[in-house]
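Remarks on the structure that follows.
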Amino acid sequence: MYAIVEIQGQQFKVEEGKKLFVHHMKDAEAGKTVEFDKVLLVDADGAVKVGAPTVAGAKVVVEVVNPLVKGEKVIVFKMKRRKDYRKKNGHREQFTQVEVKQVIA
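The following block contains the structure:
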């Protein structure tokens with residue numbers, strides 16, 4: 007059984023026991039359970055339910071494993087040749103690691 011769920015504007019394919027990195031949730035604490043009810047599609051052993059826009063009564067229960075995980079560093083470098091213009095900027099995205107406990111359809 008799997009489901010397509012929208013979490014903070016992004017769509018994820020979730021299955022029980024799967025770990026995900028989602029955008030940082032500010033109120034998340036380690037060990038806390040969170041429910042997401044924006045389930046767009048549910049596949050239960052070949053029986054597919056597609057929501058319009060969401061599947062009624064379906065939700066996904068996840069547990070927060072790590073509330074703050076930093077992603078890979080991305081270097082942004084801008085340069086214009088022969089104009090003495092160089093800008094170097096770095097960025098690290100913040101994520102929350104969650105584990106899917108239950109898919110309720």
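Okay, so the sequence shown: first residue is 7 according to the numbering used here, each after it adds one.
The C-beta atom is built at its ideal place from N, Cα and C for all residues, glycine as well.
Just so it is clear, the structure is predicted and the values come from calculations on it, not from any experiment.
Under the three-state reduction of DSSP, which class applies to residue i: helix, strand or coil?
| i | result |
| --- | --- |
| residue 73 | strand |
When every heavy atom of the ligand ZN is checked, does at least one fall within less than 7 Å of the C-beta of residue i?
| i | result |
| --- | --- |
| residue 29 | Among the components modelled here there is no ligand, and therefore nothing to report on the ligand ZN. |
Excluding sequence positions up to five away, which residues of its chain have a Cβ less than 6 Å from the Cβ of residue i?
| i | result |
| --- | --- |
| residue 84 | 93 |
| residue 41 | 65, 67 |
Please list, in chain order, all residues of the same chain as residue i whose beta carbon is under 8 Å from its beta carbon, the five residues on each side excluded.
| i | result |
| --- | --- |
| residue 25 | 71, 103, 104, 105, 106 |
What does residue i pair with, by DSSP beta-bridge criteria?
| i | result |
| --- | --- |
| residue 85 | 92 |
| residue 9 | 20, 48 |
| residue 29 | 101 |
What is the rounded straight-line gap between the Cα of residue i and the Cα of residue j?
| i | j | result |
| --- | --- | --- |
| residue 108 | residue 21 | 8 Å |
| residue 49 | residue 111 | 9 Å |
Just to check my reading of the structure: residue i and residue j have Cβ atoms closer than 8 Å, yes? What is that Cβ distance to the nearest angstrom?
| i | j | result |
| --- | --- | --- |
| residue 45 | residue 11 | 5 Å |
| residue 28 | residue 14 | 6 Å |
| residue 80 | residue 96 | 7 Å |
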